[in-house]
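Position 101 (the sequence shown) corresponds to 101 in full-length UniProt numbering; numbering is contiguous.
One structure is given below, encoded as structure tokens.
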Amino acid sequence: MHVVVEEWERVLAYRDGRFVEVLGPGRHRRPRWRRRTVRVVVRPRLLVVPAQEVLTGDGLTVKVSLLATCRTTDPRRWHEAVEGADGFVYAALQVALREAVAGRTLDELLTAREDPPEALRASVAPRAEAVGVTVEDVAVRDVMVPAELRRAAAGVATARAEGLAALERARAEVAATRALANAARMVAEQPGLLQLRTLQAVETGGATVVLTTGPVGTDVGVRPVP
């Protein structure tokens, strides 16, 4: 018989139920009698783990979904080790996901999203290799937080922003008060500064300057400055 093997697959040859060889890409001629072949795809494929409801380390319920890129690196083991090797890897990803999320708080899960995928891949890799599969990459697709937790987080963020705004207002008021106190002290120590400031106001314009003589409060004249 003639067997044509594509680049993205390998063919397992069996004779009387016993494994004989793995056929690589190309055209092969083998006896047909008492033989059978099994084709195994070795190009990368995507395993999608839909949203799983899991508990975080601080006892909160979230839904997390995964994407995993896998490749069959040992066609014979993939075919012979278990029935449905991809299903075996899928189940291993589910278990590893629960273990990874259970060891982290919600804040850690949301702020350091690159950590769980690495932990997942390290946990799943030995189990996947046992069935001839290499897990090349794992990514967290979605982290879905319940509505009540989102509202609580929004309230915390709003309160934090309001607190920061109040703190900035208080700092500005303290700075203004300190500036006024410094100015008053300087005028008390050097009265001539007030006259210099008055002259500056006259030069810059846009203000009305009132000059007085004698007792304070006795107006001698009012001259608008253009």
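Built from N, CA and C at the ideal position, the CB exists for glycine as well.
For residue i, which beta-bridge partners are listed by DSSP?
i	result
Ser65	Asp142
Thr72	Val133
Gly26	Val5
Arg45	Cys70
Glu21	Ala13
Glu53	Lys63
Thr37	Ala13
With residue i as the anchor, note down where its alpha helix (DSSP H) starts and where it stops.
i	result
Thr111	Leu106 to Thr111
Asp86	Ala85 to Ala102
Quick one, are the C-beta atoms of residue i and residue j less than 7 Å apart?
i	j	result
Ala159	Leu120	no
Val64	Val145	no
Leu67	Arg15	no
Val133	Val82	no
Thr72	Glu136	no
His79	Val40	yes
Gly26	Val3	no
Ala13	Glu21	yes
Ala85	Val131	yes
Val54	Val101	yes
Leu60	Leu93	no
How would you label residue i, buried or exposed, when you count the other beta carbons within 10 angstroms and need 16 or more for buried?
i	result
Val222	With a pLDDT of 40 at Val222, under the threshold of 50, the predicted position of this residue should be treated as unreliable, and no value is reported.
Pro50	exposed
Arg10	buried
Asp58	exposed
Ala161	exposed
Pro75	buried
Arg18	exposed
Val174	exposed
Leu164	exposed
Leu109	buried
Ala184	exposed
Leu23	buried
Val62	buried
Ala179	exposed
Ala122	exposed
Hey, residue i and residue j are a contact pair by Cβ (cut 8 Å); roughly how many whole angstroms apart?
i	j	result
Pro117	Ala91	About 18 Å separates the two Cβ atoms, so there is no contact after all.
Thr56	Arg104	6 Å
Arg32	Met1	4 Å
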